[in-house]
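Engineer: Residue numbers (the numbering used here), protein chains in the order written: chain V, 1 to 556; chain C, 557 to 753. Beta carbons: idealized from backbone N, C-alpha and C, even for Gly. I'd like to ask you about the structure that follows.
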Amino acid sequence: MTSDGLPTLLGTVVGGSLTDGVEVRLAEGASVEDIPVGSYVVIQGETRRFFGMVSEVRLAATDSRLRSAPAGFEDPFVSQALTGTAAYGSIVVRPRLVLPSVAGAEGDIAPARTVPGHFSRAARASEADVAQVFGAEGGDNFAVGTPLDMDAVVCLDLKTLLQRSNGVFGKSGTGKSFLTRLLLIGVLQSRLSALLIFDMHNEYGWEGGDVERGRRVKSLKQLFPSEVSVFALDEQRARGASVQPDFHVEIGYGEITPDDIMALRETLGISDAAAEAAFALGRRFGDGRWLREFLRLEGSDEIGELAARINVNGAALATLHRRLTNRVTRLPFVTDAPGADAVSAIMDHLDRGKHVVLEFGRYGDDVIAYMLVANLLTRRIHDRYRERQSADAGEGRSTTPLTIVIEEAHRFLSPAVASQSPFGIIAREMRKNNVTLLVVDQRPSAIDAEVLSQVGTKVCCLLDDERDVDAVMAGASGSRELRSVLAGLRSRQQALFFGEAVPIPVAVQVRDYGTDTSYDALMRRRPRREAAARGPAVARSNGAASEDEDDDPLFG
Amino acid sequence: MTTAPQAEARIGEVVEAGSTEFAAECYTLYGAPPLGALVRVGDPAVYGVVYSVTTAALDPGRRVAARGAGEPDEASVYRNNPQIARLLATHLQALVVGHDRAGTLVQRLPAAPPRIHAFVYCCDDADVRAFSEQLDYLHLLATASVPAIDEVIAANVRLAAEARPDGDGFRASAARALAEELANDVTRLKAILRSIQ
Chain V
1 MTSDGLPTLL GTVVGGSLTD GVEVRLAEGA SVEDIPVGSY VVIQGETRRF
51 FGMVSEVRLA ATDSRLRSAP AGFEDPFVSQ ALTGTAAYGS IVVRPRLVLP
101 SVAGAEGDIA PARTVPGHFS RAARASEADV AQVFGAEGGD NFAVGTPLDM
151 DAVVCLDLKT LLQRSNGVFG KSGTGKSFLT RLLLIGVLQS RLSALLIFDM
201 HNEYGWEGGD VERGRRVKSL KQLFPSEVSV FALDEQRARG ASVQPDFHVE
251 IGYGEITPDD IMALRETLGI SDAAAEAAFA LGRRFGDGRW LREFLRLEGS
301 DEIGELAARI NVNGAALATL HRRLTNRVTR LPFVTDAPGA DAVSAIMDHL
351 DRGKHVVLEF GRYGDDVIAY MLVANLLTRR IHDRYRERQS ADAGEGRSTT
401 PLTIVIEEAH RFLSPAVASQ SPFGIIAREM RKNNVTLLVV DQRPSAIDAE
451 VLSQVGTKVC CLLDDERDVD AVMAGASGSR ELRSVLAGLR SRQQALFFGE
501 AVPIPVAVQV RDYGTDTSYD ALMRRRPRRE AAARGPAVAR SNGAASEDED
551 DDPLFG
Chain C
557 MTTAPQAEAR IGEVVEAGST EFAAECYTLY GAPPLGALVR VGDPAVYGVV
607 YSVTTAALDP GRRVAARGAG EPDEASVYRN NPQIARLLAT HLQALVVGHD
657 RAGTLVQRLP AAPPRIHAFV YCCDDADVRA FSEQLDYLHL LATASVPAID
707 EVIAANVRLA AEARPDGDGF RASAARALAE ELANDVTRLK AILRSIQ
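So, in structure tokens, the structure goes:
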């Protein structure tokens, strides 16, 4: 800022277009070295103020001979005289938003559909400008961090975020789980959606790991004990844990449908014919009984006989039998006689206003276990939501939305399986049945393009692979500048947010998490909504949610 | 800036005048200010920068003849031929770079050229400092089509810098002003800048 309170002049607009961005010739004293791509600039036009992002930084010369015959120009006296006059820096700014014409004034922020006129003055966006664009923390706005080169707060509009499925991407070790945990805390506090988290690596239940600092950090159950239920798959691990899970999940043979086998086809390494055979078995024995009956068979003779009877390839059926026996039913939690119905239990907890974290324990590294359980439960729960949605629609009630969090999402959403997988269906149908996804993945290029195109807000940590970057950026406006911003991210605690929940793409230094002060800061923002709105499932079950009303140990 | 005549700095009078330049005859032989110097003529004042100084026979029809064959040195040529000073004259030519308009110095061309016989004064350091507070006149110099104008510009900037305590600062600002003026001709610009230094 200058002494008269006006922002320091960065330069003046000398040309450009809406699609390519406007060119700002840098003023004397403004150095290209201080203006990284991705930083924010405000351009004061005649009647409007434009907010944009630096998409390109250039060195230019008024005379091409400067480039072709540079001898003599390195003399300090000559070079100083030429710098900013005959040889100058310029930046390209893509106007993205129009702000109220007076800085700090109240008013609508609209997308920019035109550009500032010639000689409009450009200045670095002040913290007040950035705060105006991203809104103030509180209510539905959740602070995720600060822009890379300033101290202003970047907020996500959670209400908009939860309208669609969302994605957190980044190569492994870039802090995806860390970021996801933070987002989940925001969603949880906002009470705008219930959460069902398939916690592959045991990060979101009681505590998680902070690899970089080599410490354990509090996770959802520890921060919000009365609002989070931990479901565990791994009874053995749970037995040793200091905090007991709320529910042990077991999967009964009767619950596994041919559809679930189809979704596991690639992971089990079986042919289409073998997967199709499961449907034939389902028709023969009935959906609830086919697996039990099939696994009861022993020896190739019996299987061959059955294959002939139901008219499927004998070898394919034998492979299916072998894989199911060796890979699926050997899993301790897959049992012929489950203790309780996991789907009903999850629905019950969700209905009571709880968020459910399903911890995989040591099965997290077992892809088959993870995919089987996630697919199976999601299919059922999605079915229940669908039924409920149509019933509620008939009676004029509204169903509380559910967000399902899935890691290693490309396994569920690859082009080959996305059409059959319940996750693919959820991603494509948007919010029709009140269920959306939060996909967490390190290989976005392996996710079906149609599914990716439905992702509303993308949070992208560092990605190296060109194909992954292409996949994430597909369809984003100004993807070229976003690429350079993405490539410039540090490998930890920095992420690019773009999509519907942020007014403009923003590279964020993610807020600190894991220290006592960071927990305090997160807890302070908790909105105190009306009692009637408490609990995610309140719209359905007012009475059930009220039991949690006053027993919150953190907020009284 | 004072426009009062300064007898001690009066060097000659205008013998030919146009809108963009004027010529003056110096009262004394070789009595012209240096190349690039700032001169003031008339009242209201018109300012010029000396771009050419010539000394030649007063009568263009009579060529100067060599007279020093028998003289031991140049000084004795003049001493033994006192008529020479009467037959020769020193003239200067200056580009108009500004004028006084109702007490304000403007670095643009005046509405009318200086009058013939208007007195020519050599500006002192204070005048030079006051004039070179603005650098708009460099545009008039840079766009003039006279021989070796780049040398004149450099000489002018050097003289103005010498007239100031912050000579280096002035050199740097003049250099930037010239760089803006000559942004499309960096070869020429480079030559001037190196000459200013």
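L82 (chain V) versus chain C: which residues are under 9 Å apart at the beta carbon?
Structural biologist: By Cβ distance, chain C contributes A731, R732, A735, A739, V742, L745, K746 and L749.
Engineer: Does chain V have any CB closer than 8 Å to the CB of Q690 (chain C)?
Structural biologist: No, Q690 (chain C) lies away from the interface with chain V (no Cβ there is under 8 Å from its Cβ).
Engineer: Inspect the beta-carbon positions of A263 (chain V) and S421 (chain V) and report whether they are closer than 8 Å.
Structural biologist: Cβ distance < 8 Å, so A263 (chain V) and S421 (chain V) count as in contact.
Engineer: Can you say whether N166 (chain V) is buried or exposed, counting buried as having 16 or more other CB atoms within 10 angstroms of its CB?
Structural biologist: Looking at its Cβ environment, which holds 16 or more other Cβ atoms inside 10 Å, N166 (chain V) is buried.
Engineer: Any C-beta of chain V sitting closer than 8 Å to the C-beta of A728 (chain C)?
Structural biologist: Cβ-Cβ to chain V under 8 Å: yes for A728 (chain C).
Engineer: Of all the CB atoms in chain V, is at least one closer than 8 Å to the CB of Q639 (chain C)?
Structural biologist: No, because no Cβ of chain V sits closer than 8 Å to the Cβ of Q639 (chain C).
Engineer: Taking only three categories from DSSP, how would you classify Q690 (chain C)?
Structural biologist: Reduced to three states, the DSSP call for Q690 (chain C) is coil.
Engineer: Helix or strand or just coil, what does DSSP make of H382 (chain V)?
Structural biologist: It is helical.
Engineer: For G617 (chain C), is the classification buried or exposed, using 16 other Cβ atoms within 10 angstroms of its Cβ as the cut-off for buried?
Structural biologist: Under this definition G617 (chain C) is an exposed residue.
Engineer: CA-CA distance, L324 (chain V) and R292 (chain V)?
Structural biologist: Distance between the alpha carbons of L324 (chain V) and R292 (chain V): 11 Å.
Engineer: Report yes if the CB atom of L496 (chain V) is closer than 8 Å to the CB atom of C460 (chain V), and no otherwise.
Structural biologist: Cβ atoms of L496 (chain V) and C460 (chain V): closer than 8 Å.
Engineer: From V742 (chain C) to E736 (chain C), what distance separates their C-alpha atoms?
Structural biologist: Distance between the alpha carbons of V742 (chain C) and E736 (chain C): 10 Å.
Engineer: First and last residue of the alpha helix (DSSP H) that includes S344 (chain V)?
Structural biologist: Per DSSP, S344 (chain V) belongs to the alpha helix (DSSP H) from A342 to D351.
Engineer: Which of the residues in the stretch 12 to 34 of chain V, read from start to end, lie with their CB under 7 Å from any CB of chain A?
Structural biologist: Absent from the structure is chain A; the protein chains it does hold are V and C.
Engineer: Counting only runs that start and end within the stretch 461 to 497 of chain V, where is the alpha helix (DSSP H) found for 4 or more residues in a row?
Structural biologist: Listed in chain order, they are 466 to 473 and 479 to 487.
Engineer: For chain C, check one thing: does any of its Cβ atoms lie closer than 8 Å to the Cβ of G72 (chain V)?
Structural biologist: It does; some Cβ of chain C falls within 8 Å.
Engineer: Give me the DSSP bridge partner(s) of R657 (chain C).
Structural biologist: C:T660.
Engineer: Which residues in chain V sit within 9 Å of Q753 (chain C), going by Cβ to Cβ distance?
Structural biologist: Correct list: D75, F77 and V78.
Engineer: Compare the C-beta of L66 (chain V) with all C-beta atoms of chain C and state if any pair is closer than 8 Å.
Structural biologist: Closer than 8 Å: yes.
Engineer: Which value, in whole angstroms, describes the spacing of the CA atoms of V708 (chain C) and L10 (chain V)?
Structural biologist: V708 (chain C) and L10 (chain V): Cα-Cα distance of roughly 35 Å.
Engineer: Kindly confirm or deny that the stretch 65 to 77 of chain V and the stretch 106 to 123 of chain V touch, where touching means at least three C-beta pairs closer than 8 Å.
Structural biologist: These segments do not touch.
Engineer: Would you list, in chain order, the members of the stretch 43 to 60 of chain V that have their beta-carbon closer than 7 Å to a beta-carbon of chain C?
Structural biologist: Listed in sequence order: no entries.
Engineer: Helix, strand or coil: which one does DSSP assign to Q189 (chain V)?
Structural biologist: Helix at Q189 (chain V).
Engineer: Helix, strand or coil for Y586 (chain C) per DSSP?
Structural biologist: Correct three-state label for Y586 (chain C): coil.
Engineer: Verify whether the separation of the beta carbon atoms of V24 (chain V) and V13 (chain V) is less than 8 Å.
Structural biologist: Result yes, Cβ atoms of V24 (chain V) and V13 (chain V) sit closer than 8 Å.
Engineer: For the alpha helix (DSSP H) holding R563 (chain V), just list the boundary residues, first then last.
Structural biologist: Residue 563 (chain V) is absent from the structure shown; chain V starts at 1 and stops at 556.
Engineer: Roughly how many whole angstroms lie between the Cα atoms of E250 (chain V) and A342 (chain V)?
Structural biologist: Each residue's Cα considered, the two are about 7 Å apart.
Engineer: Check whether the stretch 110 to 119 of chain V and the stretch 156 to 164 of chain V touch, using three or more Cβ-Cβ pairs below 8 Å as the test.
Structural biologist: Judged by Cβ distances under 8 Å, the stretch 110 to 119 of chain V makes no contact with the stretch 156 to 164 of chain V, as fewer than three pairs qualify.
Engineer: Indicate whether the contact test is met: 3 or more Cβ pairs, each with one atom in the stretch 225 to 236 of chain V and one in the stretch 277 to 297 of chain V, closer than 8 Å.
Structural biologist: The answer is no - the stretch 277 to 297 of chain V does not touch the stretch 225 to 236 of chain V, with fewer than three Cβ pairs under 8 Å.
Engineer: Which residues in the same chain have their Cβ closer than 6 Å to the Cβ of D336 (chain V), if we skip the five residues on either side of it in sequence?
Structural biologist: Cβ neighbours of D336 (chain V) beyond the five flanking positions: Y253.
Engineer: Tell me I35 (chain V)'s beta-bridge partners as DSSP assigns them.
Structural biologist: None; I35 (chain V) has no bridge partner.
Engineer: I426 (chain V) to S398 (chain V), Cα distance in whole Å?
Structural biologist: Whole-angstrom Cα-Cα distance: 18 Å.
Engineer: Just checking: is the beta-carbon of A86 (chain V) within a distance shorter than 8 Å of some beta-carbon in chain C?
Structural biologist: Judged by the 8 Å Cβ criterion, A86 (chain V) is in contact with chain C.
Engineer: Is it right to say D592 (chain V) is buried, meaning 16 or more other beta carbons lie within 10 angstroms of its own, or is it exposed?
Structural biologist: Here chain V has residues from 1 to 556 only, and residue 592 (chain V) is not among them.
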